[in-house]
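*Asks:* Read in order, the letters of the sequence shown are residues 10 to 245 in my numbering.
One structure follows; several queries about it will come next.
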Amino acid sequence: MRRRLAGRQTSLLILQDMVSRLNRICPIFCIRPYHPIPSTINTKRNPLNNLHFVPNLTIGAPVIESLRKHTKAYLDCHLMVTNPIDYVDPLGKAGASGFTFHVEVSKDNWQELIQKIKSKGMRPGVALKPGTPIEDVYPLVDSENPVEMVLVMTVEPGFGGQKFMPEMMDKVRVLRKKYPSLDIEVDGGLGPSTIDTAASAGANCIVAGSSVFGAPEPAAVISLMQKSVLENQEKF
Numbered sequence: 010m011r012r013r014l015a016g017r018q019t020s021l022l023i024l025q026d027m028v029s030r031l032n033r034i035c036p037i038f039c040i041r042p043y044h045p046i047p048s049t050i051n052t053k054r055n056p057l058n059n060l061h062f063v064p065n066l067t068i069g070a071p072v073i074e075s076l077r078k079h080t081k082a083y084l085d086c087h088l089m090v091t092n093p094i095d096y097v098d099p100l101g102k103a104g105a106s107g108f109t110f111h112v113e114v115s116k117d118n119w120q121e122l123i124q125k126i127k128s129k130g131m132r133p134g135v136a137l138k139p140g141t142p143i144e145d146v147y148p149l150v151d152s153e154n155p156v157e158m159v160l161v162m163t164v165e166p167g168f169g170g171q172k173f174m175p176e177m178m179d180k181v182r183v184l185r186k187k188y189p190s191l192d193i194e195v196d197g198g199l200g201p202s203t204i205d206t207a208a209s210a211g212a213n214c215i216v217a218g219s220s221v222f223g224a225p226e227p228a229a230v231i232s233l234m235q236k237s238v239l240e241n242q243e244k245f
């Protein structure tokens, strides 16, 4: 009897852990008035961390596979890992839609990585941490086989609920001026009080976690942020 109870308790802890990890999935929206595709794409962000690039561990390909069975949504994966190329095959097979890797860990193989991501039917993106110069992503956008999105981290990657870093908007402004039709995503501290700052700088893809899930009316928060991005994109 004790063994059976212990087994049930272990199963309950595993279930609770999975629920906790699923709660980290963030809603994303992209406003794309300059693309020949629907102007608004609602997606789900799946942050994949290991214990090397950032000091946190989250979800992986099995969760993507489980989600894909229940939704046709665009499943965007942000790889905060030191070896992103090892995750391309598993995530492609699981049904991921987007694969964003960090420029800091792919300076020697980004061309191979982009090609492999596209060969698995996923959309490649590149992310950079707050301390990384924006110039580091230029070769990946200017390439004959380029990334299709740049993610500017507005907090240090790895943990949710951090404070938005407005100084990162200089990077967004530079990118928007240099690449008028590029999808520019921002992640970290985005909410009603910071969305106008990000949108006016030129960001058109917004990742929001705590501000949405912690709000009494999440749909109202998403609607407010979408409105800000849409209004500001008309200026570019």
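Beta carbons: idealized from backbone N, C-alpha and C, even for Gly.
(1) Which whole-angstrom value describes the C-beta separation of S219 and V230, a residue pair presumed to lie in contact below a C-beta threshold of 8 Å?
(2) If you draw a straight line from the alpha carbon of L60 to that of V216, how long is it in whole angstroms?
(3) Helix or strand or just coil, what does DSSP make of F173?
(4) Compare the Cα-Cα distances from V161 to each of P93, R185, V90 and G223 and report the closest residue.
(5) Please classify P166: does DSSP put it in a helix, a strand, or coil?
(6) Going by C-alpha distance, which of V156, S237 and G101 is nearest H111?
(7) Are the Cβ atoms of V159 and L191 separated by less than 8 Å?
(8) Curious, which full-length beta strand (DSSP E) runs of at least 3 residues does the stretch 175 to 205 contain?
(9) Relative to the C-alpha of Q171, which residue among L88, G101, T203 and T141 is closest?
(10) Would a check of beta-carbon distances place G107 closer than 8 Å to chain C?
(11) If you reduce the DSSP assignment to three classes, tell me which class V90 lands in.
(12) Should D196 be labelled buried (16 or more other beta-carbon atoms within 10 Å of its own) or exposed?
(13) Is it right to say H87 is buried, meaning 16 or more other beta carbons lie within 10 angstroms of its own, or is it exposed?
*Replies:* Looking at the coordinates:
(1) Going by Cβ atoms, the distance from S219 to V230 rounds to 10 Å, so no, they are not a contact pair.
(2) For L60, the predicted model reports a pLDDT of 41, less than 50, meaning its position is unreliable and no value from the coordinates is stated.
(3) coil
(4) R185
(5) coil
(6) V156
(7) yes
(8) 192 to 196
(9) T203
(10) Among the chains in the structure shown there is no chain C, since it carries only a single protein chain.
(11) coil
(12) buried
(13) buried
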